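**Student:** Residue numbering for the sequence shown follows the UniProt record's numbering, beginning at 1 and increasing consecutively. No residue lacks a Cβ here, since even glycine has one placed at the ideal position from N, Cα and C. Given the structure is predicted, the values throughout are model-derived calculations rather than measurements. Can you keep this structure in mind? I'll have questions shortly.
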Amino acid sequence: MNGACYKLTSNLTVSAQLQPGYRDCQKADVDLCFLVDGSSGMGEREFAAIREFMISTMRSHNSSNINFAAVQFSNKAEVAFTFARFQTSRDPKNLLDSLEKKGGLTSAYSAIRVALEQVFIESAGSRPNAKKVILMLTDGEVTDNENGVIERSESIKLSRYIIGIGKNFNNEESKKNLHLLASKPTENYTRVLDDVSKLKDVFSEIERKIVSVEGVTSSSNFPREFSSAGLSADMLQGTLVLGDPGIYEWSGGILETLHGQDTLINTSMGQERHFSYLGYSVRLIYSSEGLFCVSGAPRYNYKGQVILLKKNMATTGWEEIKRLHGEQFGSYFGSEIAVSDFNNESPPQLVLISAPHHVEKRWGGQVSVCLFRKGDLSCTATLRGESGHPFAQFGAAVTFLSDLDGDGIQEVAVGAPYEMDGTGALYIFKGEQTGVQTMYSQRLLGTRPMQSFGLSVHGVLDMTSDGLTDLVVGSLGQVGVHRSYPVIHVTANMTFKPPEIPIPKFDVSSCESALLAQTCVHSRILTRSYTGSLDLVLHFLVVLDSGRSVSRISFENQQRELNETFRVQREGKECRDITLYLSDCSLDDLSPIAVSLSVHKEDSFWLLSPSSSLTAVSQILFQICENGGICGSDLSVTFKNTSDPRFPVPTLLLRSKSPFSVSLELKNMGEVGHQITLALTHPHGLSFHKAAIEVP
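What follows is the structure, given as C-alpha cells:
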C-alpha cells in the first residue's frame with residue numbers, strides 16, 4: 001500500500017513519477033550494527049571498500065525502518081557511532097568520516113561484547129521492539145576468547161551475520177571460526193567472499209531475511225505499510241519534501257527526497273504521537289537564516305500541532321525549533337498550511353494555518369495568520385468567514401494567490417466547502433505589507449447543483465492568456481476556472497475658471513456673469529500584466545447648488561443637473577469644459593455655491609479599485625471684493641439727534657409723549673461692501689415707530 005507522486009510540466013504533462021519510501025511488503029523495525037574488522041590482517045583496499053559499502057547501504061536505506069550503528073575492532077573494540085547518533089544525523093559520510101583502520105589483532109568476540117553493552121541499549125538509541133542484528137565483516141583470524149558473549153547474544157535474540165572476506169578461508173579451521181561467531185543454523189548466517197565487491201549482492205539477500213514480517217511485535221505492527229507519502233508536498237531551492245502521515249501507526253513523518261534518495265525526518269514513534277498524522281500538510285520556507293520546513297499534525301493530542309524544522313547544512317539533517325498547538329479539541333489545527341511567496345528582501349513571510357473544525361459561537365472554522373521572522377513563527381491574527389455557518393469548515397483549503405488587484409501584494413483565498421448547506425463558498429482576503437486584512441474583500445458562492453464549492457483552490461496560473469492570474473476552484477466532482485478581471489484606479493474632480501464669480505454692478509438689470517467648469521477624469525491601470533485593451537465607459541452626474549431648493553447657477557439649458565459620458569480608452573487625464581451661468585443677481589445670498597460630482601461605471605469587465613475617488617463636492621466662491629481675498633471697505637457711522645439739537649449726543653432729554661428721532665449716516669471710503677448690517681439699540685422706555693432710508 002504505497003502512493004505515487006508525479007511531476008508535471010507547465011503543460012500539465014507528466015515528466016517523472018516518484019514512489020517515495022516504497023516498500024513491497026510489510027517490514028520489521030531493525031537495529032543493525034556493523035562490526036568492522038580493522039586489524040592488520042584486513043587490507044587497506046578491502047577496508048576502504050567496506051567503508052564505501054557501509055555508506056552506500058545506509059544511504060539507500062535512509063528512509064527505511066532500519067537504524068544503523070557501527071563498531072570497529074582490532075586490539076580492542078570501539079564504537080564508531082550509535083543508533084542515537086544515526087537518528088540525529090542520517091548522513092552516512094558524516095557518521096563514518098572518522099572511521100580509519102586501526103591495525104593490530106582481531107578481537108571479534110570483544111566486538112560483540114561492546115555491541116551488547118554500548119550499542120544495543122535504549123540510552124544509545126536501540127529500540128526495544130526492533131530486531132537486533134549484527135553484520136560482522138572480518139578476515140577470519142580471531143585472536144580473543146568467547147567469554148560467554150554468544151550466550152548473552154542469544155538471550156536478547158541478537159542475530160549474528162558473519163561475512164568472511166579474502167583468501168583466509170580455504171581450510172576448515174578458518175570456516176569453523178566463522179561458524180562459532182554466527183547464529184544458528186550457521187549456513188544461513190555465514191558467507192565467504194573472495195572479493196569485497198560482492199558485498200552488495202550478499203547484503204540484499206540478508207536484508208530480505210532481517211526485515212521480514214517474522215518477529216514484528218504487536219506494538220509496531222505497521223511501520224511503513226500504511227505509508228501515504230505525497231499526501232502533501234513542496235519543493236524549494238532544489239529540496240523536495242513529502243508529507244507521510246500514515247507511517248509508524250499514523251504518527252506520521254516527512255520524507256526529504258534528494259538525488260533519488262529518501263530521508264525520513266522528524267519521525268516520532270512515541271505512544272503520545274500515535275495517530276497524530278504528522279505530514280498531513282507540509283511547506284518549505286527559505287530565508288536569510290536558511291531553509292525551514294513547516295508541517296502539520298492535525299490530530300496531535302486531539303487538538304492539532306504544527307512544527308517548525310530547520311535544515312542543518314553542516315550535517316544535512318533537520319532540527320525541530322518550534323511547536324504551535326491547537327486550541328480546541330477536534331479543531332484539526334494544522335490540516336492546511338500556506339506560505340507567502342514574498343522574496344527574501346521583504347520579510348516577514350506569512351504562514352497561514354487552518355483549523356477547519358474549530359467552532360466558536362456561530363463561526364465554523366478559522367485560519368491563523370502567523371509571521372515568520374528571523375527563524376521564528378508567531379501568530380498575530382485570525383481569519384473567519386460569515387457567521388451563522390458553524391459547519392462551514394472554513395479553512396478546508398487555504399492558499400496565497402498571485403497579486404489580483406495590482407498593489408504588488410499577494411491575496412489569500414480560503415475555502416468553506418460546507419457553507420450554505422453544503423453548496424460552499426470561497427473567500428478572498430487582501431494582503432498587507434505585514435499581514436492580511438481580517439475582513440474579506442470578496443465572497444464567491446457556489447450554485448446548485450454544485451456541492452462543496454471551495455474544497456480546493458489554486459491561484460497562480462494564467463488560464464485565459466490575458467496576463468492575469470485566474471482562480472481554479474474545486475468542488476465535489478468538478479473543477480471550475482474563475483477569470484480574473486483587470487483593475488483600474490479612477491479619480492474624478494472639477495475645477496472652475498475663474499475660481500470666483502465676480503459680482504455684477506448693482507445697476508445691471510440682467511445677469512450676464514458666466515464661468516467655465518472643467519470636469520476631469522484621471523485613470524491608471526493597476527494590473528500592469530493585463531495584455532488586453534482599455535475600454536471603459538463612465539457616466540458623470542453634475543448637480544449645481546446642491547442642497548438648495550432653487551439654484552443660483554445653471555447650465556446653458558437653464559437646468560441645474562447635467563449627465564455626461566466619458567469613454568476611457570487610454571490611461572492619463574481627460575477633461576471636458578462646461579459653461580455655467582449665474583441665474584440670480586439679487587445677491588441676497590453670497591454663500592459659496594456647492595457643486596457635486598458623482599461617477600458610476602457602465603457594465604464592463606473592468607473593475608474600479610476600492611481606492612478610486614468617484615464623488616466630489618466643490619465650492620464656487622463669490623468675488624465680493626475687486627481684487628479678491630479680504631475686502632478693503634472703510635466704513636464710518638455718524639449719529640445725530642434730530643429732535644432737539646440743544647442736547648448733543650450722548651446726552652438725551654426725554655419728555656413724556658414727545659417724539660424722538662435720530663439720524664445715522666453710513667459712509668464707505670474704501671472698496672464696495674456687501675451684506676453690510678447696521679444695528680441700532682435703544683433704552684427701555686422708548687418704543688420704535690418707523691425708519692426711513694435716504695440714498696444720496
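#1: Would you tell me roughly how many angstroms separate the C-alpha atoms of isoleucine 321 and phenylalanine 292, rounded to the nearest one?
#2: So is lysine 184 buried or exposed if we call it buried at 16+ other beta carbons inside 10 Å?
#3: What span of residues does the beta strand (DSSP E) with glutamate 256 cover, start to end?
#4: Measure from the alpha carbon of asparagine 171 to the alpha carbon of each residue in Leu590, Asp341 and Glu141, then state which is nearest.
#5: Apart from the five residues on each side of it in sequence, which residues of its chain come closer than 8 Å, Cβ to Cβ, to alanine 381?
#6: Below 6 Å CB to CB, which residues in the same chain sit around serine 219 once its five sequence neighbours on both sides are set aside?
#7: So, helix, strand or coil for phenylalanine 86, using DSSP?
#8: What is the DSSP secondary structure of residue 698, reduced to helix, strand or coil?
#9: Nearest to valine 241 by alpha carbon, out of Glu249, Ile265 and Trp250?
#10: Going by DSSP in three states, glutamine 118 sits in which element: helix, strand or coil?
#11: Quick one: give me the first and last residue of the alpha helix (DSSP H) that phenylalanine 333 is part of.
#12: DSSP three-state call for phenylalanine 506: helix, strand or coil?
#13: Less than 8 Å separating the beta-carbons of leucine 455 and alanine 397?
#14: Once you ignore the five residues that flank glutamate 100 on each side, which residues in its own chain have a CB closer than 6 Å to its CB?
#15: Serine 633 and histidine 489 - do their beta-carbons sit closer together than 8 Å?
#16: Name the two residues that bound the continuous alpha helix (DSSP H) containing aspartate 201.
#17: Taking buried to mean at least 16 other C-beta atoms within 10 Å of its own C-beta, is residue 706 buried or exposed?
#18: Take glycine 38 as the anchor and find which of Leu137, Leu8 and Gln558 has the nearest alpha-carbon.
#19: Thinking just about the alpha-carbon of each residue, which of Gly467, Ala49, Gly125 and Gly415 is nearest to the one in isoleucine 165?
#20: Per DSSP, what are the beta-bridge partners of methionine 494 in this structure?
#21: Pull the bridge partners of glutamine 451 from the DSSP assignment, please.
#22: Taking one C-beta from the segment 529-549 and one from the segment 565-573 each time, how about it: are there three or more such pairs within less than 8 Å?
#23: Of all the options Leu309, Phe329 and Lys667, which has the alpha carbon lying nearest to the alpha carbon of arginine 299?
#24: With distances taken Cα to Cα, identify the nearest neighbour of tryptophan 250 among Ser276, Glu256 and Gln261.
#25: Roughly how many angstroms separate the alpha carbons of threonine 316 and glycine 422, rounded to a whole number?
#26: Quick one: is phenylalanine 453 buried, meaning 16 or more other Cβ sit within 10 Å of its Cβ, or exposed?
#27: Helix or strand or just coil, what does DSSP make of residue 731?
#28: Just tell me which of Gln349, Ser281 and Val306 has its CA closest to the CA of glutamate 336.
#29: Helix, strand or coil for histidine 684 per DSSP?
#30: With burial defined as no fewer than 16 other Cβ atoms inside 10 Å of the residue's Cβ, what is the status of arginine 576: buried or exposed?
#31: How about glutamate 307 and arginine 323: do their beta carbons lie closer than 8 Å?
#32: Have a look at the DSSP bridge pairing and note the partners of leucine 580.
#33: By Cβ distance below 6 Å, which residues in the same chain neighbour threonine 186 in space, the five residues on each side in sequence not counted?
#34: Out of Val351, Val133, Ser613 and Pro486, state which residue places its alpha-carbon closest to the alpha-carbon of valine 294.
#35: How would you call aspartate 589, buried or exposed, if buried means at least 16 neighbouring beta carbons within 10 angstroms?
#36: Cα separation between histidine 389 and leucine 404?
**Tutor:** Reading it off the structure:
#1: Cα-Cα distance, rounded: 10 Å.
#2: In this structure lysine 184 is exposed. Its beta-carbon is surrounded by fewer than 16 other beta-carbon atoms within 10 angstroms.
#3: Note, glutamate 256: beta strand (DSSP E), 253-258.
#4: Comparing alpha-carbon positions, the option among Leu590, Asp341 and Glu141 lying closest to asparagine 171 turns out to be Glu141.
#5: These residues qualify, in order along the chain: Ser368, Val369, Gly435, Val436 and Thr438.
#6: Note that serine 219 has pLDDT 44, beneath the 50 cutoff, so the model's placement of it is unreliable and no number is given.
#7: In the structure shown, phenylalanine 86 falls within a helical segment according to DSSP collapsed to helix, strand and coil.
#8: This structure cannot settle anything about residue 698, because the visible part of the chain is limited to 1 through 696.
#9: Residue Ile265 holds the alpha-carbon nearest to the alpha-carbon of valine 241 among Glu249, Ile265 and Trp250.
#10: Note: glutamine 118 maps to helix in three-state DSSP.
#11: That residue, phenylalanine 333, is in no alpha helix (DSSP H); it is neither H nor E in DSSP.
#12: Note that phenylalanine 506 scores 41 on pLDDT, short of 50, meaning its location in the model is unreliable; the coordinates nonetheless yield the value given after this. Of the three classes helix, strand and coil, the one that applies to phenylalanine 506 here is coil, per DSSP.
#13: Yes, these two residues count as a Cβ contact at 8 Å.
#14: The answer is none, since no qualifying residue turns up.
#15: Histidine 489 is not a Cβ neighbour of serine 633, given a cutoff of 8 Å.
#16: Taken as a continuous stretch (DSSP letters only), the alpha helix (DSSP H) holding aspartate 201 covers 199-210.
#17: Any question about residue 706 goes unanswered here, given that the chain covers just 1 to 696.
#18: Residue nearest to glycine 38 within the set Leu137, Leu8 and Gln558 is Leu137 (criterion: CA-CA distance).
#19: Out of Gly467, Ala49, Gly125 and Gly415, Ala49 has the C-alpha closest to the C-alpha of isoleucine 165.
#20: Paired residues: Thr519.
#21: Partner(s): none; glutamine 451 has no beta bridge.
#22: Segments in contact, yes.
#23: It is Phe329 whose Cα lies nearest to the Cα of arginine 299.
#24: That would be Ser276, whose Cα lies nearest to the Cα of tryptophan 250.
#25: Straight-line Cα distance between these residues: approximately 46 Å.
#26: Buried: at least 16 other Cβ atoms inside 10 Å.
#27: This structure cannot settle anything about residue 731, because the visible part of the chain is limited to 1 through 696.
#28: Nearest C-alpha to glutamate 336: Ser281.
#29: Three-state DSSP puts histidine 684 in coil, outside helix and strand.
#30: So arginine 576 ends up on the exposed side.
#31: Checking the sequence, you will find isoleucine at residue 307 rather than glutamate. Their beta carbons are under 8 Å apart, which means isoleucine 307 touches arginine 323 by this criterion.
#32: Listed as beta-bridge partners of leucine 580 by DSSP are Leu515.
#33: Contacts found: His179.
#34: Here the closest residue by C-alpha is Val351.
#35: It counts as exposed.
#36: Cα to Cα, the separation comes out at about 27 Å.
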